[in-house]
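Asker:
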Amino acid sequence: MVTIKCLACEGILGDVLFSIPDLPLVDSFCITREDALAVPRYSVDLRQCKSCSTIQIASPPDTSVIYKNYIYDSSSSPDLSDHFSSYAQYITALVPSLNTKILEIGANDGLLLQKLSNEGFTDMMGIDPSPQTAGIAIPGVEIINEFFNETSVGHLKPKSFGLVIANNCFSHIPNLSDVLTLCASLLDETGTICVEVQSCLDLVEGVVFDYIYHEHYFYHSAQSFEKLAKIADLEIYQIDHVPTKGGSYRFLLGHAGFHTIDSSVHYWKFREELAGIHRGEAWNLMTDYLSGIKNALSKLVNGGGKSIVGYGSSATGTVLMRYMDIEDSINTIVDDNPKRHGLFAPHTAIPVKSPSMLEPTDICLILAWRHSNLIVPKLQRQSIPYVTPLPWITING
Amino acid sequence: MVSTYIVVGSRGIVGNQVVKRLRDIGKLVFIKETSEILLSTEADLMASMLSSMAEYSVNPLESSIGLILAHRYRGNDIRCALDNERCITRDFTWELAKQCASLRVVVLGSITGSRVDRKLPEAYHYSKDLQKSIVRQSIRINNLHMNLLELNWFEKYPEAQASDEYTQIMVNLKQQLGRDNLPTVNSITDFACALIGLSPPPRGQSIVYDGGHSLFQSA
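Residue numbers (the working numbering), protein chains in the order written: chain A, 8 to 404; chain B, 238 to 456.
1) Can you look up Asp261/B in the DSSP assignment and give me helix, strand or coil?
2) Establish whether the CB of Phe277/A and some CB of chain B are separated by less than 7 Å.
3) Can you give me the Cβ contacts of Val353/B inside the same chain, cut-off strictly under 8 Å, excluding the 5 residues immediately before and after it?
4) With Asp195/A as the anchor, note down where its beta strand (DSSP E) starts and where it stops.
5) Roughly how many angstroms lie between the CA atoms of Gly350/B and Leu388/B, to the nearest whole one?
6) For Thr99/A and Ser206/A, what's the separation of their Cα atoms in angstroms?
7) Give the straight-line distance between the Cα atoms of Ile402/A and Leu241/A, rounded to the nearest whole angstrom.
8) Counting contacts by CB-CB distance shorter than 7 Å, is Ser228/A in contact with chain B?
9) Taking C-beta pairs closer than 8 Å, name the residues in chain B that Ser270/A reaches, listed in chain order.
10) Quickly, what does DSSP pair Asp320/B with across the bridge? List them, please.
11) Could you check which residue in Glu273/B, Thr241/B and Lys264/B has the C-alpha nearest to that of Arg248/B?
12) Find the residues of chain A that neighbour Arg377/B, judging by a C-beta separation of less than 7 Å, and give them in chain order.
13) Using three-state DSSP, classify Gly261/A as helix, strand or coil.
14) Measure from the C-beta of Ser347/B to each C-beta in chain A and report whether the shortest distance is under 7 Å.
15) Measure the CB-CB distance between Ala384/B and Val343/B and report whether it falls below 7 Å.
16) Against chain A, with Cβ distances strictly below 7 Å, would Leu457/B count as a contact?
17) Could you pull the start and end residues of the alpha helix (DSSP H) that Ile238/A belongs to?
18) Exposed or buried, which one is Glu153/A when buried takes at least 16 other CB atoms within 10 Å?
19) Measuring CB atoms only, is the region 108 to 118 of chain A touching the region 167 to 174 of chain A, in the sense that at least three cross pairs come out at less than 8 Å?
20) Based on Cα-Cα distance, which residue from Asn291/A, His262/A and Thr339/A lies nearest to Ser26/A?
21) Can you list, in chain order, the residues of its chain with a C-beta nearer than 7 Å to that of Leu367/B? Leave out the 5 residues immediately preceding and following it.
22) Just curious, the alpha helix (DSSP H) that Thr426/B is in, first and last residue?
23) With the cut-off set at 7 Å, would you say Val245/B and Val256/B are in Cβ contact?
24) Name the chain A residues whose beta carbon is nearer than 9 Å to that of Leu319/B?
25) Whose C-alpha, out of Ser336/A, Pro367/A and Asp89/A, is nearest the C-alpha of Thr355/A?
26) Since Ile300/A is in the alpha helix (DSSP H), which residue starts that stretch and which ends it?
27) From this set, Tyr293/B, Pro297/B and Ile302/B, which residue's C-alpha is nearest Leu542/B's C-alpha?
28) If we cut at 7 Å on Cβ distances, does Glu212/A have a partner in chain B?
29) Pair every Cβ in the region 36 to 49 of chain A with every Cβ in the region 350 to 369 of chain A, then say whether three or more of these pairs are closer than 8 Å.
30) Indicate the three-state DSSP secondary structure (helix, strand or coil) for Ala15/A in the structure shown.
31) What beta strand (DSSP E) runs, 3 residues minimum, are completely inside the region 43 to 74 of chain A?
32) So, with DSSP's three-state summary, where would you put Asp401/B?
33) Taking the C-alpha atoms as reference points, what is the distance between Thr326/B and His179/A?
34) Kindly give me the distance between the Cβ atoms of Phe232/A and Phe258/A, rounded to whole angstroms, as I take these residues to be in contact under 8 Å.
35) Just checking: is the beta-carbon of Ser370/B within a distance shorter than 7 Å of some beta-carbon in chain A?
36) Would you give the residue range spanned by the alpha helix (DSSP H) that Leu345/B belongs to?
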């Protein structure tokens, strides 16, 4: 039997909880059809670490492969701007003053740093290896365009930050226990590490399975993250729940013993226990449920002889099409983001176009189903029949 | 039409009125006390439930059963509140569903006027949130149709039992809404019965039922 090591703590991984076979690199939308067809596929197997309980992709492809054609930027996500505005207000209320020194890990294109600057924070640093980060130019913000590790931040003064923010990046970074230890070394005694991650509980309860793809190594729970924090001598002292990515946790961590543990920590651990996310049955139930959706969707897209157009050229759309095995039935994908028009979907080479090409004779399958509230009114105005695949199938028109 | 109902939490102000209303409209009602659910084994609980039904010639495997959860934890102990919800709203319901052809549940439990009783403990809010989670989980069980009514505002107390302060709050609220259209426990029970009797019955819904107050506030 092959032993697979945990990417977070180097423990040993257990049995497979959930699988997506032959998933192409989900966000590798390409300029040419040939490049798109050449995008490789890697099966995704979720397993749980026997030591830290972190649920993760076993043996994911190397980061150099995953991020070869990475085009995601925070500003392109329709709900993130509003989310970061309220997040910035939350931070303002959380920290002692606007003079608090802030470090943001995974700053991407600087959207949150800009919102924090608008709130009046003046002493901030952002770190991220992506090309978008190099272009950030916000007064009072220092940028490090590299991965967050000992080499890139070793020169910073220990215990100098009052707040460290890691927003939706702790799903992507391997060696997480080391990363948390590094965060702890930079944090002042009473400071806070604010970590936002998609919640594994919501993933299972709300069937948000299409966030499972190669670049998301980890699917965090309060129970597992608490164990990781302990390795770095940190503790979770509060958990807030926010609606992003189908439901996310905002963990507040501090040095062990410096904060009162809020009842929310106990509450979310209880809910996870109740939902059984660290046991196989909960995942089996989700797989069974998705089988029903898959069968119904297959009949729908293969039955009517109509042209099926996908709405939303996102990573999650790629997962949805692959898992449901419907790529061959979709001839075009439309997307509101003009930067995506003219590209080809990974491996399938389905062309991405503007929604203006939609005709009332098409059937639109809303791949970006979490944004249905934004997409459906547009389709209704154009009298385009549409199908929402999840959380259950809805057919209109 | 569903004619057999089980009510949990009938000792409370709301549960008591629910039972009375159900009987007034001709339903066969079985009462399950919260304490009995918390203290019995699942096997004993189900055996006693089935035996009570058999006395009235009700075979749940051949009919649809309505279940209204009107219980509420009144203490401050969060762990206890959560354990109660697990035991009643989830485990009891899940187990009962196994004994029924179709189990149709409406949860009123802890959703009894979050703004009516302003000084509610933290445990109340956690148990309320947990109920939503359990209702969400229920959608995967084929013969279980579980929905939740969010009763932000309703007339909780019969006129004779209402305090002066409560009566005044209700008068002010009705003035704000412009008419006397707040739900009463009777109308809530009728609405629950209507949900339970729908064919096919809805499932996994969290429905705000407050006389339009929420829409009025957000307009």
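Every residue gets a Cβ at the ideal spot worked out from N, C-alpha and C, and that includes glycine.
Answerer: Quick answer:
1) Translated into the one-based positions of the second sequence, residue 261/B becomes position 24. DSSP places Asp261/B in helix when its eight states are reduced to three.
2) Counted from its first residue, the first sequence places residue 277/A at position 270. Taking Cβ atoms only, chain B reaches closer than 7 Å to Phe277/A, which makes this a yes.
3) Residue mapping note: residue 353/B aligns to position 116 of the second sequence, counting from 1. Caution applies to Val353/B, whose pLDDT of 49 falls short of 50 and renders its modelled position unreliable; the value that the coordinates give is listed next. If we look at Val353/B and ignore the five residues flanking it on each side, its Cβ neighbours are Trp390, Phe391, Lys393, Tyr403 and Ile406.
4) The residue you call residue 195/A lines up with position 188 of the first sequence. Taken as a continuous stretch (DSSP letters only), the beta strand (DSSP E) holding Asp195/A covers Leu194 to Gln205.
5) On the second sequence, residue 350/B is found 113 positions in, with the first residue counted as 1. On the second sequence, residue 388/B is found 151 positions in, with the first residue counted as 1. Note that Gly350/B scores 49 on pLDDT, short of 50, meaning its location in the model is unreliable and no value can be drawn from it.
6) Residue 99/A sits at position 92 when you count from the first residue of the first sequence. Residue 206/A sits at position 199 when you count from the first residue of the first sequence. Going from the Cα of Thr99/A to the Cα of Ser206/A covers about 24 Å.
7) Indexing the first sequence from 1 puts residue 402/A at position 395. Indexing the first sequence from 1 puts residue 241/A at position 234. One C-alpha to the other measures close to 48 Å.
8) For this step, residue 228/A is matched to residue 221 along the first sequence. No, Ser228/A does not count as interfacial toward chain B.
9) The count along the first sequence starts at 1 and reaches residue 270/A at position 263. What Ser270/A touches in chain B: Ile315, Glu359 and Tyr363.
10) One-based indexing of the second sequence puts residue 320/B at position 83. Answer is none; Asp320/B lacks a bridge partner.
11) One-based indexing of the second sequence puts residue 248/B at position 11. Considering only alpha carbons, the answer is Glu273/B.
12) For the purposes of this step, residue 377/B is taken as the residue at position 140 of the second sequence. Residues of chain A passing the Cβ test: Leu292 and Tyr296.
13) Here residue 261/A corresponds to residue number 254 of the first sequence, with the count starting at 1. Strand.
14) Within the second sequence, numbered from 1, the residue matching residue 347/B stands at position 110. Here Ser347/B scores only 49 on pLDDT, less than 50, and its place in the model should not be relied on; the value that follows carries that caveat. No, Ser347/B does not count as interfacial toward chain A.
15) As a working note, residue 384/B is residue 147 in the second sequence. As a working note, residue 343/B is residue 106 in the second sequence. Note that residue 384/B corresponds to Asn in the displayed sequence, not to Ala. Going by C-beta atoms, Asn384/B is nearer than 7 Å to Val343/B.
16) Within the shown structure, residues of chain B are numbered from 238 to 456, placing residue 457/B beyond reach of any answer.
17) Counted from its first residue, the first sequence places residue 238/A at position 231. That run of the alpha helix (DSSP H) goes Ala229 to Ile238.
18) Working through the first sequence from its first residue, we reach residue 153/A at position 146. Under this definition Glu153/A is an exposed residue.
19) yes
20) Translated into positions along the first sequence, residue 26/A becomes position 19. Checking every option, the nearest Cα to that of Ser26/A belongs to Asn291/A.
21) Within the second sequence, the letter at position 130 stands for residue 367/B. Correct list, in chain order: Leu319 and Glu322.
22) Translated into positions along the second sequence, residue 426/B becomes position 189. Unbroken alpha helix (DSSP H) run through Thr426/B: Val422 to Gly434.
23) The sequence position of residue 245/B within the second sequence is 8, counting from 1. The sequence position of residue 256/B within the second sequence is 19, counting from 1. Taking 7 Å as the Cβ cut-off, Val245/B and Val256/B do not qualify as a contacting pair.
24) Stepping through the second sequence from its first residue, residue 319/B is reached at position 82. Those within 9 Å of Leu319/B in chain A are His273, Tyr274, Phe277, Arg278 and Leu281.
25) Taking the first residue of the first sequence as position 1, residue 355/A is located at position 348. Closest by alpha carbon: Ser336/A.
26) Position 293 of the first sequence, counted from the first residue, corresponds to residue 300/A. Gly287 to Gly310 is the extent of the alpha helix (DSSP H) around Ile300/A.
27) Any answer about residue 542/B is impossible in this case: the structure gives chain B only from 238 up to 456.
28) By 1-based counting over the first sequence, the position of residue 212/A is 205. Answer yes: the Cβ-Cβ gap between Glu212/A and chain B drops below 7 Å somewhere.
29) yes
30) Looking up residue 15/A in the first sequence gives position 8. Ala15/A falls in the coil class under three-state DSSP.
31) 48 to 56 and 62 to 64
32) Looking up residue 401/B in the second sequence gives position 164. Correct three-state label for Asp401/B: helix.
33) Indexing the second sequence from 1 puts residue 326/B at position 89. Indexing the first sequence from 1 puts residue 179/A at position 172. So the alpha carbons of these two residues sit roughly 37 Å apart.
34) Taking the first residue of the first sequence as 1, we reach residue 232/A at position 225. Taking the first residue of the first sequence as 1, we reach residue 258/A at position 251. Yes, Phe232/A and Phe258/A are in contact; Cβ-Cβ is about 6 Å, under 8 Å.
35) Within the second sequence, the letter at position 133 stands for residue 370/B. Output row for Ser370/B: interface = yes.
36) The residue you call residue 345/B lines up with position 108 of the second sequence. Careful: Leu345/B lies outside any alpha helix (DSSP H) and carries neither H nor E.
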